[in-house]
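Undergrad: Sharing a structure here in structure tokens format.
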DNA sequence: TTGAAAGCGCTAACAT
DNA sequence: ATGTTAGCGCTTTCAA
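Chains as they are written, first to last, in full-length UniProt numbering: chain A, 1 to 332; chain B, 1 to 332.
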């Protein structure tokens with residue numbers, strides 16, 4: 001009776017319609033009048049009905065899954081290794097804890113992403129979370145399926161749960177400035193990466209606001225990239241007294257490079273990163289950084305997919321906060 | 001016809017029995033003669049039959065899941081943050097990619113682990129992977145369910161997919177010794193942690209083999225712990241020229257501490273870690289460490305559960321290999 | 001010990 | 001537009 005979970009049968013009965021109609025409403029399928037549609041929706045709400053995913057899967061012949069799409073350029077930093085994916089994964093898993101929905105992870109190599117779009121879109125059931133898709137890929141995927149949400153900014157029409165990258169970068173530079181740093185160089189991420197672009201624009205805005213010189217180079221979001229970039233920067237601009245680095249992994253490399261040139265962090269060169277993942281406490285010295293609420297963002301994105309509340313152009317923005325550690329200090 | 005996957009119906013027909021009997025055999029349920037049991041088993045093999053998990057879940061009323069049990073003592077190092085869990089998660093997800101089995105993650109606080117054992121055991125369907133269980137917890141769980149496999153050594157009867165912790169620790173010390181280091185201190189993990197115990201015994205064995213002095217302290221497997229431990233060690237034994245640190249996170253802390261005392265890594269004090277997770281490339285200098293194949297181990301453990309090949313006392317051991325970076329050097 | 005048959009909760013033809 | 005009905009592949013009574 002009232003002990004077990006309501007079924008579609010209950011919904012149909014309460015709404016005074018057939019199971020088929022109830023099913024149509026639940027699945028947003030055509031072939032139901034607005035009147036009945038409303039009655040069913042009401043019944044669902046009243047009963048607190050939630051479809052049994054298992055029965056759905058059996059009847060329809062396909063398992064409902066949430067797809068996590070990761071575009072990989074560097075195979076060394078796969079799912080288990082890269083702190084970003086780890087956090088995304090953890091966030092998605094949290095949202096999936098209570099529902100009967102499968103998680104499918106699709107690792108797509110950058111070069112054959114284009115070729116796989118149709119297949120991916122066709123296989124989508126609940127929808128896809130784009131961990132790090134390019135605007136192009138995201139747009140195409142969204143065109144073919146609608147059930148897509150990105151964790152990084154892409155194109156205006158693609159639903160996104162994003163971090164305030166520009167604001168975070170601005171705050172980072174402002175912090176360095178408040179410490180008396182005046183020659184603040186930047187190690188940016190890849191030129192075409194949208195997070196990287198947003199962070200760079202935040203940096204530029206701050207540089208202008210504080211009337212500083214814009215010194216920057218790109219590092220590719222890897223430790224190696226950060227290392228090489230810092231070396232270049234110090235070579236060309238030996239008087240740099242701070243670095244804004246667009247991700248923690250690069251910041252780790254930058255710190256290694258800075259100290260390798262005989263400079264001290266934070267006294268000679270203060271460093272501020274972006275992400276606040278486990279790497280930040282392991283650099284030497286520990287890294288001051290801007291914290292991204294990655295897990296929370298992934299959870300939110302997954303919930304959107306699950307509840308079907310993704311609408312084109314939907315935009316949710318999470319704030320990014322400063323976490324002070326030992327890689328920054330006042331000019332002394 | 002031959003196009004789609006064989007069903008239990010096909011198995012029953014080929015074996016010349018009813019669906020009910022086939023089901024009994026498949027589920028190891030009582031009530032089937034040895035003769036029929038053999039015929040069904042043969043038919044399953046011939047057809048390459050694999051049960052449809054979705055149908056199973058619907059009929060039985062419960063979803064089959066693999067449970068990943070993580071005992072958490074430090075909330076700061078939850079699933080998304082700690083590199084170990086990330087790698088385990090990645091490995092489990094890999095094994096689950098092709099099957100219709102749900103992943104359920106149970107985060108258990110250390111203090112109420114005991115109280116939750118019965119509930120956890122009762123809810124198990126496919127089985128549980130114990131990421132970091134104590135011998136006590138593992139034994140009790142295995143007692144109540146059988147379908148349990150640990151990723152760390154626990155008790156002899158509990159099936160385990162483990163790393164050669166002792167061998168790895170021995171190899172680490174041997175490496176330091178081969179570089180001319182003679183005052184090799186150790187930062188061990190928690191006293192009661194079985195990985196930590198195995199690594200410590202490997203260290204001791206090496207210390208004896210090379211006739212070195214046994215200098216050690218415990219660090220609790222956290223960055224903070226490693227930091228504090230290194231400070232203590234250097235204070236009490238200022239002439240230490242190398243450290244064997246039982247995990248990368250602690251090694252990161254140790255390196256921070258060593259350089260903070262004005263010593264150089266690797267020249268004055270060489271450091272070798274254990275794990276080889278993302279942290280290892282982010283320390284300053286990058287960390288020489290012993291690589292644990294955590295993802296592969298987790299995948300193997302999950303497959304065992306899935307195929308039902310877990311038997312009490314089963315023991316699988318993965319080797320641990322040296323990865324040289326810049327935190328170790330010859331005495332010069 | 002074995003088999004027949006009734007569902008599990010839902011989707012999707014097919015009728016109306 | 002709406003309802004009727006036949007399964008999806010399996011487990012689990014219930015009878016034999």
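Every residue, glycine too, gets a C-beta built ideally from N, C-alpha and C.
Could you tell me the distance, in whole angstroms, from the CA atom of residue 231 (chain A) to the CA atom of residue 71 (chain B)?
TA: 42 Å
Undergrad: Can you give me, in chain order, the residues of the stretch 234-249 of chain A that have a beta carbon less than 9 Å from any beta carbon in chain B?
TA: 248 and 249
Undergrad: I think residue 228 (chain B) touches residue 203 (chain B), with their Cβ atoms under 8 Å apart; what is that distance to the nearest whole Å?
TA: Going by Cβ atoms, the distance from residue 228 (chain B) to residue 203 (chain B) rounds to 19 Å, so no, they are not a contact pair.
Undergrad: Quick check: the Cα distance between residue 4 (chain B) and residue 59 (chain A), rounded to an integer number of angstroms?
TA: 16 Å
Undergrad: Establish whether the CB of residue 58 (chain B) and some CB of chain A are separated by less than 8 Å.
TA: yes
Undergrad: For the stretch 107-132 of chain B, list every residue whose C-beta sits within 9 Å of some C-beta in chain A, in sequence order.
TA: none
Undergrad: Between the stretch 242-260 of chain A and the stretch 281-294 of chain A, are three or more C-beta pairs nearer than 8 Å?
TA: yes
Undergrad: From residue 295 (chain B) to residue 303 (chain A), what does the alpha carbon distance come to, in whole angstroms?
TA: 27 Å
Undergrad: Using the beta-carbon of each residue, which ones in chain B are nearer than 7 Å to residue 90 (chain A)?
TA: In chain order: 79 and 80.
Undergrad: Name the two residues that bound the continuous beta strand (DSSP E) containing residue 245 (chain B).
TA: 242-245
Undergrad: Please classify residue 1 (chain A) as buried or exposed, where buried requires at least 16 neighbouring CB atoms within 10 angstroms.
TA: Annotation note: pLDDT 39 at residue 1 (chain A) (below 50); position unreliable, coordinate value reported separately. Exposed, since its Cβ has fewer than 16 Cβ neighbours within 10 Å.
Undergrad: Taking just the CA atoms, how far does residue 305 (chain A) sit from residue 130 (chain A)?
TA: Each residue's Cα considered, the two are about 12 Å apart.
Undergrad: Is residue 265 (chain A) closer than 8 Å to residue 327 (chain A) when the C-beta atoms are compared?
TA: yes
Undergrad: Could you compute how far the alpha carbon of residue 145 (chain A) sits from the alpha carbon of residue 253 (chain A)?
TA: Taking the straight line joining both Cα atoms gives about 39 Å.
Undergrad: Which class does residue 1 (chain A) belong to by DSSP, given the choice of helix, strand or coil?
TA: Low confidence applies here, because residue 1 (chain A) scores a pLDDT of 39, under 50, leaving its location unreliable; read the following figure in that light. Coil at residue 1 (chain A), not helix or strand.
Undergrad: Going by C-alpha to C-alpha distance, which of B:250, B:8, B:113 and B:92 sits closest to residue 188 (chain B)?
TA: When C-alpha distances from residue 188 (chain B) are compared across B:250, B:8, B:113 and B:92, the shortest belongs to B:250.
Undergrad: Name, please, each residue of chain B whose Cβ falls closer than 8 Å to the Cβ of residue 105 (chain A).
TA: 93 and 97
Undergrad: Interface residues of chain B around residue 293 (chain A) at Cβ under 7 Å?
TA: Ordered by position in chain B, no residue passes the 7 Å Cβ test against residue 293 (chain A), which lies about 11 Å from the chain.
Undergrad: Let me know the secondary structure DSSP gives residue 157 (chain A) once reduced to three states.
TA: Residue 157 (chain A): coil per DSSP, three-state reduction.
Undergrad: Using Cβ-Cβ distances below 8 Å, what residues of the stretch 183-215 of chain A are close to chain B?
TA: none
Undergrad: Start and end of the alpha helix (DSSP H) containing residue 47 (chain B)?
TA: 34-47
Undergrad: When you compare only the Cα positions, how much space is there between residue 112 (chain B) and residue 94 (chain A)?
TA: 21 Å
Undergrad: With a threshold of 8 Å between beta-carbons, can residue 230 (chain B) be considered close to chain A, or not?
TA: no
Undergrad: Does the beta-carbon of residue 67 (chain A) have 16 or more other beta-carbons within 10 angstroms, so that it is buried, or is it exposed?
TA: buried
Undergrad: In whole angstroms, give me the CA-to-CA distance for residue 258 (chain B) and residue 238 (chain B).
TA: 11 Å
Undergrad: Taking residue 275 (chain A) as the reference, which of A:140, A:19 and A:85 has the closest Cα?
TA: Between residue 275 (chain A) and the set A:140, A:19 and A:85, the nearest pair of CA atoms involves A:85.
Undergrad: In whole angstroms, what is the alpha-carbon distance linking residue 108 (chain A) and residue 141 (chain A)?
TA: 13 Å
Undergrad: Between the stretch 145-157 of chain B and the stretch 169-181 of chain B, are three or more C-beta pairs nearer than 8 Å?
TA: no
Undergrad: What number of angstroms, rounded off, separates the C-alpha of residue 52 (chain B) from the C-alpha of residue 101 (chain B)?
TA: 10 Å
Undergrad: Beta carbon of residue 240 (chain B), beta carbon of residue 215 (chain B): below 8 Å?
TA: yes
Undergrad: Closer than 6 Å by C-beta to residue 63 (chain A): which residues in its own chain qualify, once you throw out the five before and the five after it? Chain order, please.
TA: 57 and 102
Undergrad: Can you name the start and end residues of the alpha helix (DSSP H) that residue 143 (chain B) belongs to?
TA: Note, residue 143 (chain B): alpha helix (DSSP H), 135-145.
Undergrad: Rounded to a whole number of angstroms, what is the C-alpha to C-alpha distance between residue 151 (chain A) and residue 69 (chain A)?
TA: 10 Å
Undergrad: Are the C-beta of residue 1 (chain A) and some C-beta of chain B separated by less than 8 Å?
TA: In this prediction, residue 1 (chain A) has a pLDDT of 39, which is less than 50 and means its spatial position is unreliable; what the coordinates show is noted afterwards. Residue 1 (chain A) does not count as touching chain B.
Undergrad: Give me the Cβ distance between residue 61 (chain A) and residue 39 (chain A), rounded to the nearest whole Å; I'm assuming they're in contact under 8 Å.
TA: Not really, about 29 Å apart at Cβ, beyond 8 Å.
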